[in-house]
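Everything on this sheet refers to the single structure shown next.
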Amino acid sequence: MSNKRVTGKVLGNLESEVMEIIWSLKGEASVKCVAEILSKKRKIAYTTVMTVMARLASKGVLVRHMNGPSYLYKPKVTKDRFIAKAAHSIFSSAVSNLGDEVLAHFIKEIQKISPKKRQELLKMLNEDRKGI
Numbered sequence: 267m268s269n270k271r272v273t274g275k276v277l278g279n280l281e282s283e284v285m286e287i288i289w290s291l292k293g294e295a296s297v298k299c300v301a302e303i304l305s306k307k308r309k310i311a312y313t314t315v316m317t318v319m320a321r322l323a324s325k326g327v328l329v330r331h332m333n334g335p336s337y338l339y340k341p342k343v344t345k346d347r348f349i350a351k352a353a354h355s356i357f358s359s360a361v362s363n364l365g366d367e368v369l370a371h372f373i374k375e376i377q378k379i380s381p382k383k384r385q386e387l388l389k390m391l392n393e394d395r396k397g398i
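End of the sequence shown = 398 in my numbering, gap-free, step of one.
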């Protein structure tokens, strides 16, 4: 599953687009900045972007602080960390609801990756077991 598909499963499409922009800026961003970037792709109202960013802040995905008369926003976590948490949430939910079917599919996907990556995953699994 691609990174954009993972963020799109947890966030709405517009929320996901906003987060992609903010992560790409690697720092703080104003609503105006994000709206200008989004408006190059499609017609969108400043107030729509403002609402989406405020909702992302209320969900704990963004952190905001006042800068003069407006807010500056920054991601609460890195994109990689967000994707890892989102993938974990999606996978845990799927396993809880579908069990063996999901695990069988996961094993098939693991078999498609390189032996080196599989070894890294096994190492992570073994380290996680030691922590139990």
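All residues carry an ideal CB built from backbone N, CA and C; glycine is no exception.
Since the structure is predicted, the reported quantities are computational estimates derived from the model, not experimental observations.
Assigned exposure category for E367 - 16 Cβ within 10 Å defines buried: exposed
Under 7 Å between C-beta atoms of V329 and L280: no
Length of the line joining the Cα atoms of I420 and F372: Beyond the ends of the chain as shown, which are 267 and 398, falls residue 420; an answer cannot be given.
Simplified DSSP assignment, three categories, for S380: coil
Touching by the beta-carbon criterion (3+ pairs, under 8 Å), the segment 282-301 and the segment 338-354: yes
Proximal residues to W289 (C-beta, below 7 Å), its chain only, five neighbours per side dropped: P341, K345
Boundaries of the alpha helix (DSSP H) in which L280 is found, first to last residue: 279-291
Residues near A323 by beta carbon distance below 6 Å, same chain, minus five either side: R330
Alpha-carbon to alpha-carbon, L387 and L229: The structure shown does not extend to residue 229, since the chain is modelled only from 267 through 398, so no value can be given for it.
Buried or exposed by the 16-neighbour rule on C-beta atoms within 10 Å, applied to L277: buried
Outcome for L237 when other beta-carbon atoms lying within 10 angstroms are tallied against a minimum of 16: With the chain covering only 267 through 398, there is no way to say anything about residue 237.
Alpha helix (DSSP H) runs wholly inside the segment 291-342, at least 4 long, in chain order: 297-305, 312-324
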